[in-house]
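Mind the numbering: the sequence shown is residues 1 to 416 in the UniProt record's numbering, read in order. Note that the Cβ used here is the ideal one computed from N, Cα and C, for glycine as well.
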Amino acid sequence: MENMGRVIHLFVTVFLSNFAAYVVNPAITDVIVEAVCVGGKDECSLAIYLTGFQQAITGLGAVVMMPLIGNLSDVYGRKALLTVPLTLATIPLVILAWRRTTNFFYVYFALKSLTAMVTEGGVMCLALGYLADNVFEGNRVSAFGVLSGVVSAANVCGTVAARLLSTSHIFQIAAAVSIAATVYMRIFLKETSHETDSLTHPILEPDTESNQIGFELSKKINFIREIPSPKDIISLLKSSVTFSLLACVTFFNSLAEAGIQSFLLYFLKARFHFKKDQFADVLLITYIGATVSSMLLDSIAWSAWVPYASASLGFFFALVTPNLRSMISKQTGPNEQGIAQGCILGISSLASLVSPLIYTPLSALFLSEKAPFGFPGFCILCLGFAYLIGFILSIMIKMIPIYSRAELRSKKINDQ
1 MENMGRVIHL FVTVFLSNFA AYVVNPAITD VIVEAVCVGG KDECSLAIYL
51 TGFQQAITGL GAVVMMPLIG NLSDVYGRKA LLTVPLTLAT IPLVILAWRR
101 TTNFFYVYFA LKSLTAMVTE GGVMCLALGY LADNVFEGNR VSAFGVLSGV
151 VSAANVCGTV AARLLSTSHI FQIAAAVSIA ATVYMRIFLK ETSHETDSLT
201 HPILEPDTES NQIGFELSKK INFIREIPSP KDIISLLKSS VTFSLLACVT
251 FFNSLAEAGI QSFLLYFLKA RFHFKKDQFA DVLLITYIGA TVSSMLLDSI
301 AWSAWVPYAS ASLGFFFALV TPNLRSMISK QTGPNEQGIA QGCILGISSL
351 ASLVSPLIYT PLSALFLSEK APFGFPGFCI LCLGFAYLIG FILSIMIKMI
401 PIYSRAELRS KKINDQ
């Protein structure tokens, strides 16, 4: 793998940042329920609605921020932009590391809702662009796969740590590791330079006569002018049928994933009275791989052991994300990796906006005593249908070989 030293430093940064993010997952549900639910109940609609509201606000902001961050990183560099999400991710963790009372929780809730617009997907967007800068096109599948493996390893390590630590120590360690990720990145990660790839032709044509001159001049352009216009994003999405299908698959896959994040832990807490340690056990198995079949089994769970067994069925789910990202990378030019990955992550964020609007009212209804029929896992069944739609669209994707794609673009230019 090219530029191995740079790539390793990126992997360490991604590992630390994801460890800090995922170590709090098993504990955050208990913190929210204890802070907002009256009388020590294991379920209340307010907790579900707050989580859904936060997810919707985050998705709305990220729809705008992800393409912006990706586009700015194409101009000002990945390292400079990577400092922003890493720094912002630390602030909410410090709040809960200090105290977890109701007042502190609402401060955390407000700050998390705002900072997550940048942090949720921002690190991954910039990491993908950094890899694309330092790895040849033919090797990006492997590189993106390793990156996903690093994220999965961070998830597993964070979940194991959460299983062993007390709630107070979890947030203290998460804050410390998040700070360490920022410091490590600033010290060791090297900035990248954009090189021209002879196999690809930019989708979004620069306005200057020379790419190099345009790149130098773009650094002096006002910040606001670097915001990608809707026309640029639409042009990118319409650049090929393959790219459009990849965007649709990303949307439905993210729609289901966002739904899981929104209410699955609340479902387990309400149905089986799970606590932090049980959440950690289930998440640990889930991070090894979770498939549509596991979601279908969860929806009809009749005993507390079913979520454990169903989560263990998914061994191929982790293959989806790196393959999507690699195919997206191959559909864009070398100077457009940031905006392409940002655009796709923006679509993922749009799904995160839509998902709680659909699933939060449904989950709150079916977990309450006013459910129209006795099916607490109905929303999880709906998630299975979202995955199914994404699967159907994915089998329609036909990748154009690298050299053929280059020839088609060259022919199109010559015809003009």
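Query	Result
Tell whether a beta-carbon distance below 9 Å holds between Tyr106 and Ala364.	no
Considering only residues of the same chain and omitting the five flanking positions on each side of Pro356, which have a CB-CB separation below 6 Å?	Gly52, Gln55, Ala56, Ser262
Work out the CA separation of Thr250 and Leu46 for me, nearest whole Å.	30 Å
Starting from the C-beta of Gly70, find all residues in its chain whose C-beta is less than 6 Å away, skip the five residues before and the five after it, and write them out in chain order.	Cys125, Gly338, Ile339, Gln341, Gly342
Looking at the structure shown, is Ser54 part of a helix, part of a strand, or coil, going by DSSP?	Note that residue 54 is Gln in the sequence shown here, rather than Ser. DSSP places Gln54 in helix when its eight states are reduced to three.
Hey, could you find the ends of the alpha helix (DSSP H) Lys112 is sitting in?	102–134
Please classify Gly5: is it buried, with 16 or more other beta-carbons within 10 angstroms of its beta-carbon, or exposed?	exposed
With distances taken from CA atoms, which of Ile392, Leu367, Leu10 is nearest Val183?	Leu10
Quick one: which unbroken alpha helix (DSSP H) runs of 4-plus residues sit fully inside the stretch 366–404? Chain order, please.	378–394
Alpha carbon to alpha carbon, how far is Val24 from Val151?	15 Å
How about Phe378: is its C-beta nearer than 9 Å to some C-beta of chain C?	Judged by its chain identifiers, the structure shown contains no chain C, having just a single protein chain.
To which residues of the same chain is Ser102 closer than 8 Å at the C-beta, ignoring the five residues directly before and after it?	Here residue 102 is Thr; the residue named in the question, Ser, does not match the sequence. Excluding sequence neighbours, Thr102 sits near Ala35, Val36.
Gly259: buried (16+ other C-beta within 10 angstroms of its C-beta) or exposed?	buried
Excluding the 5 residues preceding and the 5 following Gly59 in the sequence, name in chain order all residues of the same chain whose CB lies nearer than 6 Å to its CB.	Ser349, Ser352, Leu353
Candidates Ala386, Leu367, Gly346: which alpha carbon is nearest Val64's?	Gly346
Check whether the stretch 149–168 and the stretch 14–22 touch, using three or more Cβ-Cβ pairs below 8 Å as the test.	yes
Would the beta-carbon of Met185 fall within 9 Å of that of Leu82?	yes
Cβ atoms of Ala161 and Ala97: under 9 Å apart, would you say?	no
Does the Cβ of Phe373 have 16 or more other Cβ atoms within 10 Å, making it buried, or fewer, making it exposed?	exposed
Closer than 8 Å by C-beta to Leu131: which residues in its own chain qualify, once you throw out the five before and the five after it? Chain order, please.	Val7, Leu10, Arg140, Ala143, Phe144, Leu147
Does DSSP put Lys190 in a helix, in a strand, or in coil?	coil
Which residues in the same chain have their Cβ closer than 7 Å to the Cβ of Ala116, if we skip the five residues on either side of it in sequence?	Thr58
With C-beta atoms as the reference, is Ala386 less than 9 Å away from Leu255?	yes
Tell me the DSSP secondary structure of Phe274 in three-state form.	coil
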